[in-house]
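Here the structure comes first, spelled out in structure tokens, and everything after it is commentary.
Chains as they are written, first to last, in this note's numbering: chain U, 46 to 379; chain Y, 429 to 959.
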């Protein structure tokens, strides 16, 4: 297992460097000059432009800029935002818990509903339940997140007033963030009603962000289960007179889980992309919203730093998924 | 005795609770995150609303609801006869805010003014480059480094500013957010602690609200400045709930999660007006959207061609389609709310037949041209592509074929100012200081060719008038000069003036005391809530 882990880690290094090259060069390939944007409609003189470009180091050859940047990254310096002038890493760590909290709740929701739904659909294959469920999953999968989020806000917050419209907690509550996770911080604050408020603020964005992964997981579970349920050993287990729960819940499910876990791992990457839209609609102060704002402002430092950090996290998540395979299916380790 | 004590305790706790309950919190659903809290190094209105207006003051400030500068931190001022020396007498006993991170030991003095302005105009000033990438774009844009020769302290409450040339809009420029006055004592303490960058993150000023905290991209909190020199704010706490999506802002306003919001979707305004819990303020914005021909390139160098095309644009259709009526067709290059607006100017009539004839007379046949459409929505032009499509359709009716082009915003800004740009570009402007100079010279002056003057139009007569108006301090005389300049502009038609948009501010019905600023600022010191 240790050798397997080392092999996996060795692959990460070139991947990380590759990502850094892509993150660094792609943003510079985009049209749009960050220096120009600093003055907006108020035209900047060419002399002034040259001075600021020099101050920001944009007048050096791109290769020099890249190695300078990579050197900084190796020492933990991801640079400073062109706009807010704050260190990237500080900003990232202050916003990242919000994204993790939202994504974690969403993925739990997607797994908790998606796997049982997929299993039931597989067991009751061809029934109205199966067809209805798969129909809903298809709709969920195809739903534009932006529209779906707004729809939920208008119905549940605007008309029914069951949930707050946006934000992470009611503005009545005010405490210094300790962990950055609002559910934990609100509990620690000891303020009455803070936790409930944080939870109610989390509900709609979690549902929106969970929608696509939920649909994918449900469909994947169903097809994996169907495949496994037709295997010989399942028939044998049934023939032995094992209870349906043991047959499906233990024998079939464990084998069906391998592709499902792969899907879940991949969905975490998809989720970070979904978080960008979800955070923008729900004014959720996470890294997705931060990145979108930075793209519009051509804040190179934030975009490349943010991309690199997100990529690193996705790589780590994939590593964990790979290790989980190893646990579920020992053959993969070799 | 025991009974009395219990009663006293009950009364005390009742008073405390009453105190807590009556603490008025006003929530503003702001449209974006501030870039920082030092107004000197930024140019965005969103940043100024969160920094310059609640936290700071300036020597002069615009009288609420107008573009008229009035005394603020400067109580009075004198201008030398040649218009180059300004001597300001500062208001005495103005206190800086006391916060968790700074306790001031002295009141506002001339040192603070010298520090705040000096750092922006003098490259050698220790605070000119206090954080990596700090640049003073607004001060640059208003020409301060070249204009200001020196800023000196005469005594504790007197500051002398010497200019290199007379500049009539100078007082209005000093009322702009970038010229906010910061505490030198605070800056010194940060320098000592080796934490200069905090100046942009934890602001201290003399304004109506004290900064409490900023949770990035989420919430900014302020509390009433108890030492404020002006009329004390009526609300106790001010909160900015950052909500970038206009539809979501509207939902929050409906749910009373905030009491006032900026920049609604044009399509929502009708339903806002019919909501009994809301009210909507409207005012003509201090802005203009226009189509700038490149007057140096054929055939747009011919006056008749420009005039003919202007006659072919149905502005009413643009206002209806793009703004759903929340704008007015523009006649002059400055908005009607601005002083010196020439009411006698006649707009081009929408007349396709006349347009066709004029084009034919000018010898223009089968003209193909480009119309540049901005890729972003701005207050003066919500959807430039839609406007360009209407223009395309109109021009087709007079036999002119239009190709619509667009680029990414920064690229658009850059390419559209090129002297040899092909075709006509949709562009616009929002006034900075309410001075006509800020439109007429900035956008149409000869020295702005290749820059803000996207028509590349240099008319000596027009330029002489606006340049002269800069050096005269008498408003009556300046008005006459600008009125004449507008006549020349209309005659020469370097632009097709498109629209001035309305600024719409929806709020809860119980909100009182909010005054719409023609400059588009959102300020809350006079605001109160009855709900």
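Don't be surprised by glycine CBs; every beta carbon is placed ideally from N, CA and C.
Taking only beta-carbon atoms, is residue 930/Y less than 7 Å away from chain U?
Here residue 930/Y corresponds to residue number 502 of the second chain, with the count starting at 1. With 7 Å as the cut-off, residue 930/Y does not count as an interface residue toward chain U.
Based on the DSSP output, what are the partners of residue 936/Y in its beta bridges?
The residue labelled residue 936/Y in the question sits at position 508 within the second chain. DSSP lists 706/Y as partners of residue 936/Y.
At what residue ranges does the stretch 519 to 584 of chain Y contain a whole run of the beta strand (DSSP E), taking only runs of 3 or more?
Runs of the beta strand (DSSP E) inside the stretch 519 to 584 of chain Y: 576 to 583.
Between residue 495/Y and chain U, is any beta-carbon pair separated by less than 7 Å?
Walking along the second chain from the start, residue 495/Y turns up at place 67. So no, residue 495/Y is outside the interface.
So what's residue 146/U in DSSP terms, helix, strand or just coil?
In the first chain, counting from the first residue as 1, residue 146/U sits at position 101. Reduced to three states, the DSSP call for residue 146/U is helix.
Could you have a look at residue 433/Y and say whether DSSP puts it in helix, strand or coil?
Position 5 of the second chain, counting from 1, holds the residue named residue 433/Y. Low confidence applies here, because residue 433/Y scores a pLDDT of 42, under 50, leaving its location unreliable; read the following figure in that light. DSSP places residue 433/Y in helix when its eight states are reduced to three.
My parser needs the beta strand (DSSP E) runs of 3 or more residues fully inside the stretch 472 to 505 of chain Y; what are they?
For the stretch 472 to 505 of chain Y, whole beta strand (DSSP E) runs of length 3 or above, ordered along the chain, are 488 to 490 and 497 to 499.
Based on the DSSP secondary-structure assignment, which residues constitute the bridge partners of residue 673/Y?
Mapped onto the second chain, residue 673/Y falls at position 245. DSSP, once it has assigned bridges, lists no residue as partnering residue 673/Y.
Distance check for residue 758/Y and residue 796/Y, CA to CA, integer angstroms please.
Looking up residue 796/Y in the second chain gives position 368. Looking up residue 758/Y in the second chain gives position 330. Their backbone Cα atoms lie some 26 Å apart in a straight line.
Would you verify that the beta carbon of residue 722/Y is, or is not, closer than 7 Å to some beta carbon of chain U?
Locating residue 722/Y in the second chain gives position 294, where the first residue counts as 1. No, no contact with chain U.
Pull out every residue of the stretch 332 to 360 of chain U whose Cβ sits closer than 7 Å to any Cβ of chain Y, in chain order.
The stretch 332 to 360 of chain U vs chain Y, Cβ under 7 Å: 334, 335, 338 and 343.
Applying the 10 Å Cβ sphere with the 16-neighbour rule, what's the burial state of residue 537/Y?
Position 109 of the second chain, counted from the start, is the residue given in the question as residue 537/Y. Buried.
So is residue 939/Y in contact with chain U if we call contact Cβ pairs under 7 Å?
By one-based count along the second chain, residue 939/Y stands at place 511. Not an interface residue.
Taking its Cβ as the centre, do 16 or more other Cβ atoms sit within 10 Å of residue 51/U, making it buried, or is it exposed?
Within the first chain, numbered from 1, the residue matching residue 51/U stands at position 6. Residue 51/U comes out exposed.
Under a CB-based cut-off of 7 Å, is residue 330/U close to chain Y?
Residue numbering aside, residue 330/U sits at position 285 when the first chain is read from its first letter. Yes - at least one Cβ of chain Y is within 7 Å of the one on residue 330/U.
Considering only C-alpha positions, which residue in the set 540/Y, 526/Y, 511/Y and 513/Y is nearest to residue 519/Y?
Start at 1 with the first residue of the second chain, and residue 519/Y comes out as number 91. Nearest of 540/Y, 526/Y, 511/Y and 513/Y to residue 519/Y, Cα basis: 540/Y.
Since residue 685/Y meets chain U, which of its residues come closer than 7 Å, beta carbon to beta carbon?
The residue you call residue 685/Y lines up with position 257 of the second chain. Under the 7 Å cutoff, chain U gives 209 and 210.
Check whether the stretch 240 to 259 of chain U touches the stretch 316 to 334 of chain U, counting contact only when three or more Cβ pairs, one atom from each stretch, lie closer than 8 Å.
Yes, the stretch 240 to 259 of chain U is in contact with the stretch 316 to 334 of chain U.
For chain U, find out if any of its Cβ atoms is closer than 7 Å to the Cβ of residue 682/Y; answer yes or no.
Locating residue 682/Y in the second chain gives position 254, counting from the first residue. Yes, because at least one Cβ of chain U sits closer than 7 Å to the Cβ of residue 682/Y.
Suppose only complete runs of 4+ residues qualify. What are the alpha helix (DSSP H) ranges in the stretch 145 to 200 of chain U, listed by chain order?
Those alpha helix (DSSP H) runs which fall completely within the stretch 145 to 200 of chain U and span 4+ residues are 173 to 187 and 190 to 197.
Which class does residue 515/Y belong to by DSSP, given the choice of helix, strand or coil?
Along the second chain, read from residue 1 onward, the residue named residue 515/Y stands at position 87. Three-state result, residue 515/Y: strand.
With 8 Å as the C-beta to C-beta threshold (strictly closer), list the residues of the stretch 111 to 134 of chain U near chain Y in chain order.
Within the stretch 111 to 134 of chain U, the qualifying residues are 125, 127, 128, 129, 130 and 131.
Judging by CA-CA distance, which residue of 733/Y, 889/Y, 746/Y and 716/Y is the nearest neighbour of residue 791/Y?
Stepping through the second chain from its first residue, residue 791/Y is reached at position 363. Nearest C-alpha to residue 791/Y: 733/Y.
Below 8 Å on the Cβ atoms is my contact criterion, and I expect residue 467/Y with residue 572/Y to pass it. Report the Cβ-Cβ distance as a whole number of Å.
Working through the second chain from its first residue, we reach residue 467/Y at position 39. Working through the second chain from its first residue, we reach residue 572/Y at position 144. Going by Cβ atoms, the distance from residue 467/Y to residue 572/Y rounds to 14 Å, so no, they are not a contact pair.
Just by C-beta distance, which residues in the stretch 54 to 81 of chain U are closer than 9 Å to chain Y?
Result list: 75, 76, 77, 78, 79, 80 and 81.
I'd like the ranges of any beta strand (DSSP E) spanning at least 3 consecutive residues and lying wholly in the stretch 824 to 872 of chain Y.
Qualifying beta strand (DSSP E) stretches, in chain order: 829 to 833 and 852 to 858.
May I have the straight-line CA-CA distance separating residue 461/Y from residue 316/U, to the nearest angstrom?
On the second chain, residue 461/Y is found 33 positions in, with the first residue counted as 1. On the first chain, residue 316/U is found 271 positions in, with the first residue counted as 1. Going by the C-alpha atoms only, they are around 24 Å apart.
Within 6 Å: the Cβ of residue 811/Y and any heavy atom of the ligand GDP?
This structure lacks the ligand GDP, and indeed carries no ligand of any kind.
Secondary structure at residue 797/Y, three-state DSSP: helix, strand or coil?
Locating residue 797/Y in the second chain gives position 369, counting from the first residue. Here residue 797/Y sits in strand by DSSP.
Taking residue 962/Y and residue 492/Y to be in contact with their CB atoms under 8 Å, please state how far apart those CB atoms are, rounded to whole angstroms.
Given a span of 429 to 959 for chain Y in the structure shown, any question on residue 962/Y remains unanswerable.
So, at 6 Å on beta carbons, what are the nonlocal neighbours of residue 484/Y in its own chain, with the 5 sequence-adjacent residues on each side left out?
The count along the second chain starts at 1 and reaches residue 484/Y at position 56. These residues qualify, in order along the chain: 608, 633 and 635.
Is there at least one Cβ from chain Y nearer than 7 Å to residue 203/U's Cβ?
Here residue 203/U is taken as the residue at index 158 of the first chain, counted from 1. Yes, residue 203/U counts as interfacial toward chain Y.
Decide if residue 47/U is buried, meaning its Cβ has at least 16 other Cβ atoms within 10 Å, or exposed.
Against the first chain, residue 47/U aligns to sequence position 2. With fewer than 16 other Cβ atoms within 10 Å, it is exposed.
Inspect the beta-carbon positions of residue 265/U and residue 293/U and report whether they are closer than 7 Å.
Walking along the first chain from the start, residue 265/U turns up at place 220. Walking along the first chain from the start, residue 293/U turns up at place 248. Not in contact: residue 265/U and residue 293/U (Cβ atoms no closer than 7 Å).
Closest by CA to residue 648/Y, which one among 246/U, 302/U, 220/U and 57/U?
Locating residue 648/Y in the second chain gives position 220, where the first residue counts as 1. Nearest C-alpha to residue 648/Y: 220/U.
From 958/Y, 946/Y and 865/Y, pick the residue whose C-alpha is nearest to that of residue 598/Y; which is it?
As a position in the second chain, residue 598/Y is number 170, starting the count at 1. Residue 865/Y is the option with its Cα nearest to residue 598/Y.
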